[in-house]
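Protein chains in written order, with full-length UniProt numbering: chain A, 1 to 138; chain B, 1 to 138.
Glycine is no exception: its CB is placed at the ideal position from the N, C-alpha and C atoms.
Protein chains: 2
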Amino acid sequence: MRDDADSRNSPDLAERFADWQDLGLDPHRCPVRDVLSHVGDKWTTLIVAALAGGPRRFGAIHRVIPDISKRMLIQTLRDLERDGLATRRVFPTSPPSVEYSLTPLGRSLLGPLTALVAWAERNHAAIDAARTRFRAET
Amino acid sequence: MRDDADSRNSPDLAERFADWQDLGLDPHRCPVRDVLSHVGDKWTTLIVAALAGGPRRFGAIHRVIPDISKRMLIQTLRDLERDGLATRRVFPTSPPSVEYSLTPLGRSLLGPLTALVAWAERNHAAIDAARTRFRAET
DNA sequence: CCGTATCCGGATGGATACTG
DNA sequence: CAGTATCCATCCGGATACGG
Chain A
1 MRDDADSRNS PDLAERFADW QDLGLDPHRC PVRDVLSHVG DKWTTLIVAA
51 LAGGPRRFGA IHRVIPDISK RMLIQTLRDL ERDGLATRRV FPTSPPSVEY
101 SLTPLGRSLL GPLTALVAWA ERNHAAIDAA RTRFRAET
Chain B
1 MRDDADSRNS PDLAERFADW QDLGLDPHRC PVRDVLSHVG DKWTTLIVAA
51 LAGGPRRFGA IHRVIPDISK RMLIQTLRDL ERDGLATRRV FPTSPPSVEY
101 SLTPLGRSLL GPLTALVAWA ERNHAAIDAA RTRFRAET
């Protein structure tokens with residue numbers, strides 16, 4: 001499963017990293033760390049994916065991701081809203097209904113995110129194989 | 001409100017998500033979740049970036065990422081090794097020296113990862129602004 | 001229907017001290 | 001130099017119950 005086509009971009013990361021070094025690499029002020037932790041947390045990516053198709057109501061998202069608690073769903077949506085990746089619209093119906101949708105900024109994340117997801121799907125077999133091999137050697 | 005420039009890639013994610021649904025979306029067996037959590041954890045991305053330029057010794061990595069404990073450095077390197085993203089070579093010198101480097105699989109991750117990092121760098125200003133705005137409104 | 005509040009177990013990760 | 005072992009604080013996130 002060689003994929004050297006992708007490694008043409010790789011020098012970039014080494015260079016950027018060197019730049020971060022020069023800036024002090026304070027993890028608490030590093031925007032990259034900030035954003036990536038967002039991506040890596042338990043629910044953000046799934047929710048962004050759920051909103052990728054268009055606006056959804058709270059309950060709809062919850063139905064689409066059954067194993068998230070309301071607590072975590074709200075919290076993650078709030079974080080997305082806070083960071084300007086999603087918006088929240090309240091319709092004063094009764095009972096109230098709330099609709100979430102991605103902002104342009106949020107949608108601009110879909111490209112890089114999809115690339116990463118595609119990589120995961122392409123290579124999870126190789127990763128599984130590596131794990132099995134690793135366990136066998138120890 | 002449409003932002004068609006960036007959203008050309010976006011239908012993919014919505015479709016994939018729908019597929020995951022059909023497969024049951026068991027988080028513990030979802031390869032995507034598995035990989036993304038890897039990317040999102042505190043140190044993996046930094047270490048991969050540090051190895052992007054070529055093989056490095058344990059101490060060299062540690063010097064390049066000063067604020068990681070040896071414990072976490074080892075643990076993260078082990079995980080990378082386990083997943084087939086990095087290799088570990090021991091040179092039986094005295095004192096011993098150990099060299100880590102990315103595998104082809106690991107290097108193939110650099111492309112998607114760099115795209116995500118580039119997004120983070122492009123948009124962290126917008127995110128910061130959104131946060132300030134959000135705090136102001138509450 | 002949408003959200004909040006509280007409690008609590010387990011994972012994460014830092015500090016420190018010790019080996020070969 | 002490279003790694004291990006132990007202890008301990010913090011945080012993430014689930015369960016539950018309640019409110020508008």
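Open item on the list: Starting from B/Glu99, trace the beta strand (DSSP E) in both directions and tell me its first and last residue.
Closed with: Ser97 to Leu102
Task: Within 8 angstroms, strictly: CB atoms of A/Arg131 and B/Asp83 - done: yes
Open item on the list: For a cutoff of 8 angstroms on Cβ pairs, would you count A/Arg16 as touching chain B?
Closed with: yes
- [ ] Please name the residues in the segment 38-56 of chain B whose beta-carbon is closer than 9 angstroms to at least one beta-carbon of chain A, in chain order.
- [x] His38, Val39, Gly40, Asp41, Lys42, Thr44, Thr45, Leu46, Val48, Ala49, Ala50, Leu51, Ala52, Gly53 and Gly54
TODO: Mind reading off the beta-carbon distance from A/Ala60 to B/Leu36? Whole number of angstroms is fine, and I expect it under 8 angstroms.
DONE: A/Ala60 to B/Leu36, Cβ: 23 angstroms. No contact.
Open item on the list: I'd like to know if B/Ser108 contacts chain A, where contact means its C-beta is closer than 8 angstroms to some C-beta of that chain.
Closed with: yes
TODO: Please check if any C-beta of chain B sits within less than 8 angstroms of the C-beta of A/Gly59.
DONE: no
- [ ] Kindly list, in the order they appear in chain A, the residues whose Cβ is closer than 8 angstroms to that of B/Glu121.
- [x] Arg16, Pro31 and Val32
TODO: Please specify which runs of the alpha helix (DSSP H), each continuous and at least 4 residues long, are wholly inside the segment 29-69 of chain A, giving them in chain order.
DONE: 31-40, 44-52 and 58-64
Open item on the list: Closest to residue 140 of chain A by C-alpha separation, out of A/Arg78, A/Ile65, A/Arg16 and A/Arg56, would be which residue?
Closed with: In this structure chain A extends from 1 to 138, so residue 140 of chain A is not present and cannot be described.
TODO: For chain A, find out if any of its Cβ atoms is closer than 8 angstroms to the Cβ of B/Asp3; answer yes or no.
DONE: Note that B/Asp3 has pLDDT 43, beneath the 50 cutoff, so the model's placement of it is unreliable and the number below is only indicative. Yes, its Cβ sits closer than 8 angstroms to a Cβ of chain A.
Task: Contacts around A/Pro92, its chain only, beta-carbon distance under 6 angstroms, and the 5 residues preceding and following it disregarded - done: none
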